[in-house]
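Numbering (mature numbering (1 follows the signal peptide of the UniProt record, and there is no 0)), first residue to last: -19 to -1, 1 to 131.
By construction, the Cβ of each residue, glycine as well, lies at the ideal position given by its N, Cα and C atoms.
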(Lines of atoms letter the chains of each structure in order from A and count residues from 1; the text may use other names and numbers.)
(Lines give C-alpha, C1' and ligand atoms only; values in the text may rest on other atoms or scores of the structure.)
Protein backbone atom coordinates (compact mmCIF):
# COMPACT_ATOMS: atom_id res chain seq x y z
CA UNK A 1 0.00 0.00 0.00
CA UNK A 2 2.83 2.39 0.86
CA UNK A 3 4.43 1.55 -2.46
CA UNK A 4 1.33 2.64 -4.41
CA UNK A 5 1.09 5.83 -2.38
CA UNK A 6 4.73 6.64 -3.14
CA UNK A 7 4.25 6.02 -6.86
CA UNK A 8 1.19 8.26 -6.91
CA UNK A 9 2.93 11.06 -4.99
CA UNK A 10 6.09 10.94 -7.11
CA UNK A 11 4.10 10.85 -10.35
CA UNK A 12 2.06 13.86 -9.27
CA UNK A 13 5.19 15.75 -8.23
CA UNK A 14 6.99 15.00 -11.48
CA UNK A 15 3.98 15.96 -13.56
CA UNK A 16 3.77 19.37 -11.91
CA UNK A 17 7.51 20.07 -12.04
CA UNK A 18 8.12 19.15 -15.67
CA UNK A 19 5.80 20.26 -18.40
CA UNK A 20 5.44 18.33 -21.60
CA UNK A 21 7.84 18.98 -24.48
CA UNK A 22 6.62 18.88 -28.08
CA UNK A 23 7.99 19.54 -31.53
CA UNK A 24 6.76 22.87 -32.97
CA UNK A 25 6.81 23.14 -36.76
CA UNK A 26 4.83 23.11 -39.97
CA UNK A 27 5.80 21.56 -43.28
CA UNK A 28 5.08 24.74 -45.24
CA UNK A 29 7.93 26.71 -43.66
CA UNK A 30 10.11 23.76 -42.57
CA UNK A 31 10.37 20.91 -45.11
CA UNK A 32 11.85 18.56 -42.47
CA UNK A 33 8.47 18.71 -40.67
CA UNK A 34 6.79 16.75 -43.49
CA UNK A 35 5.73 13.09 -43.47
CA UNK A 36 9.42 12.05 -43.50
CA UNK A 37 9.95 13.89 -40.22
CA UNK A 38 13.54 14.76 -39.30
CA UNK A 39 13.67 16.22 -35.77
CA UNK A 40 17.33 17.31 -35.90
CA UNK A 41 16.56 20.89 -36.96
CA UNK A 42 13.09 21.20 -35.43
CA UNK A 43 12.35 23.40 -32.43
CA UNK A 44 11.48 21.65 -29.18
CA UNK A 45 8.96 23.57 -27.10
CA UNK A 46 8.37 23.35 -23.35
CA UNK A 47 4.71 24.11 -24.09
CA UNK A 48 4.37 27.15 -21.87
CA UNK A 49 1.82 29.96 -22.04
CA UNK A 50 3.61 31.52 -25.03
CA UNK A 51 2.78 28.45 -27.10
CA UNK A 52 -0.93 28.60 -26.27
CA UNK A 53 -3.14 29.18 -29.34
CA UNK A 54 -4.79 32.59 -29.64
CA UNK A 55 -8.32 31.20 -29.27
CA UNK A 56 -7.38 29.88 -25.81
CA UNK A 57 -5.46 33.03 -24.80
CA UNK A 58 -8.60 35.07 -25.51
CA UNK A 59 -10.44 33.13 -22.79
CA UNK A 60 -8.12 34.71 -20.23
CA UNK A 61 -7.78 31.44 -18.35
CA UNK A 62 -4.33 29.83 -18.20
CA UNK A 63 -4.55 26.24 -19.41
CA UNK A 64 -1.63 23.85 -19.10
CA UNK A 65 -0.44 21.87 -22.08
CA UNK A 66 -1.55 18.27 -21.72
CA UNK A 67 -0.07 16.73 -24.84
CA UNK A 68 1.40 17.14 -28.29
CA UNK A 69 -0.63 17.57 -31.45
CA UNK A 70 0.03 16.40 -35.01
CA UNK A 71 -2.41 17.53 -37.70
CA UNK A 72 -2.19 16.31 -41.28
CA UNK A 73 -4.01 18.25 -44.00
CA UNK A 74 -4.25 17.62 -47.71
CA UNK A 75 -1.27 19.06 -49.51
CA UNK A 76 -0.85 22.25 -51.48
CA UNK A 77 1.40 23.35 -54.33
CA UNK A 78 3.38 20.20 -54.95
CA UNK A 79 3.26 18.94 -51.36
CA UNK A 80 1.51 15.66 -50.67
CA UNK A 81 0.51 16.79 -47.17
CA UNK A 82 0.60 19.87 -44.97
CA UNK A 83 1.64 18.83 -41.45
CA UNK A 84 1.61 20.87 -38.25
CA UNK A 85 3.21 19.66 -35.03
CA UNK A 86 2.55 21.64 -31.84
CA UNK A 87 1.63 21.63 -28.17
CA UNK A 88 -1.89 20.57 -27.24
CA UNK A 89 -3.90 22.47 -24.62
CA UNK A 90 -7.04 20.91 -23.23
CA UNK A 91 -8.48 17.54 -22.34
CA UNK A 92 -6.85 14.61 -24.10
CA UNK A 93 -10.20 12.84 -23.81
CA UNK A 94 -11.89 15.51 -25.94
CA UNK A 95 -9.70 16.55 -28.87
CA UNK A 96 -12.56 17.34 -31.24
CA UNK A 97 -12.37 21.14 -30.96
CA UNK A 98 -8.61 21.36 -31.52
CA UNK A 99 -8.66 18.81 -34.32
CA UNK A 100 -11.55 20.40 -36.19
CA UNK A 101 -10.22 23.95 -35.92
CA UNK A 102 -8.98 25.36 -39.24
CA UNK A 103 -5.25 25.89 -39.54
CA UNK A 104 -4.36 29.62 -39.45
CA UNK A 105 -2.08 29.29 -42.51
CA UNK A 106 -4.32 27.03 -44.59
CA UNK A 107 -7.93 27.40 -43.42
CA UNK A 108 -9.20 25.84 -46.66
CA UNK A 109 -7.12 22.62 -46.51
CA UNK A 110 -9.08 19.48 -45.62
CA UNK A 111 -8.02 17.65 -42.47
CA UNK A 112 -6.85 14.08 -43.10
CA UNK A 113 -5.72 13.04 -39.62
CA UNK A 114 -5.27 14.49 -36.14
CA UNK A 115 -3.45 12.81 -33.26
CA UNK A 116 -2.82 13.86 -29.67
CA UNK A 117 -0.17 12.08 -27.61
CA UNK A 118 0.92 12.65 -24.02
CA UNK A 119 4.64 11.87 -23.79
CA UNK A 120 7.58 14.24 -24.32
CA UNK A 121 8.38 14.77 -28.02
CA UNK A 122 5.83 12.16 -29.03
CA UNK A 123 4.50 14.12 -32.04
CA UNK A 124 7.07 12.69 -34.43
CA UNK A 125 4.61 10.56 -36.38
CA UNK A 126 0.82 10.58 -36.34
CA UNK A 127 0.64 6.80 -36.12
CA UNK A 128 3.44 6.20 -33.63
CA UNK A 129 2.61 4.92 -30.17
CA UNK A 130 4.79 6.43 -27.46
CA UNK A 131 6.68 4.46 -24.85
CA UNK A 132 6.28 5.17 -21.12
CA UNK A 133 8.07 8.37 -20.24
CA UNK A 134 11.43 8.38 -18.50
CA UNK A 135 9.92 10.23 -15.53
CA UNK A 136 7.17 7.66 -15.03
CA UNK A 137 9.70 4.84 -15.05
CA UNK A 138 12.05 6.78 -12.74
CA UNK A 139 9.20 7.47 -10.29
CA UNK A 140 8.34 3.77 -10.24
CA UNK A 141 11.96 2.73 -9.55
CA UNK A 142 12.42 5.34 -6.80
CA UNK A 143 9.14 4.32 -5.16
CA UNK A 144 10.16 0.66 -5.30
CA UNK A 145 13.51 1.42 -3.64
CA UNK A 146 11.90 3.60 -0.95
CA UNK A 147 9.27 0.98 -0.18
CA UNK A 148 12.05 -1.60 0.44
CA UNK A 149 13.72 0.78 2.92
CA UNK A 150 10.60 1.16 5.07
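* Apply the 10 Å Cβ neighbour rule to residue 48 and answer buried if 16 or more other Cβ atoms are within range, or exposed otherwise. => In the chain shown, counting from the first residue as 1, residue 48 sits at position 67. Answer is buried; the Cβ neighbour count reaches 16.
* Which first and last residues belong to the alpha helix (DSSP H) in which residue 46 is found? -> Translated into positions along the chain shown, residue 46 becomes position 65. Where residue 46 is concerned, there is no enclosing alpha helix (DSSP H), although the beta strand (DSSP E) it sits in stretches over 46 to 55.
* To do: Report yes or no: do the region 49 to 60 and the region 86 to 101 share at least 3 C-beta pairs separated by less than 8 Å?
  => yes
* Asked: In whole angstroms, what is the alpha-carbon distance linking residue 11 and residue 32?
  -> The residue given as residue 11 occupies position 30 in the chain shown. The residue given as residue 32 occupies position 51 in the chain shown. Residue 11 and residue 32: Cα-Cα distance of roughly 18 Å.
* To do: Per DSSP, which residues does residue 94 bridge with? Please list them.
  => Within the chain shown, numbered from 1, the residue matching residue 94 stands at position 113. Paired residue(s): 53.
* Contacts around residue 110, its chain only, beta-carbon distance under 7 Å, and the 5 residues preceding and following it disregarded -> Counting from 1 along the chain shown, the entry for residue 110 is found at position 129. Any reading at residue 110 needs caution, since the residue's pLDDT is 38, under 50, leaving its predicted position unreliable; the model's value is listed next. So the list is empty, once near-sequence residues are dropped.
* Can you name the residues that DSSP bridges to residue 64? -> Working through the chain shown from its first residue, we reach residue 64 at position 83. Residue 64 is bridged to 53.
* To do: List the whole-angstrom C-beta distance separating residue 79 from residue 69, where the pair is believed to meet the contact cut-off of C-beta under 8 Å.
  => Reading the chain shown from its first residue, position 98 is the one you call residue 79. Reading the chain shown from its first residue, position 88 is the one you call residue 69. Confirmed, about 6 Å.
* **Per-residue burial, residue 71 [other beta carbons within 10 Å of its own, 16 or more giving buried]** => Within the chain shown, numbered from 1, the residue matching residue 71 stands at position 90. It counts as buried.
* Asked: DSSP puts residue 70 in a beta bridge; with which residues?
  -> Your numbering for residue 70 matches position 89 in the chain shown. Paired residue(s): 46.
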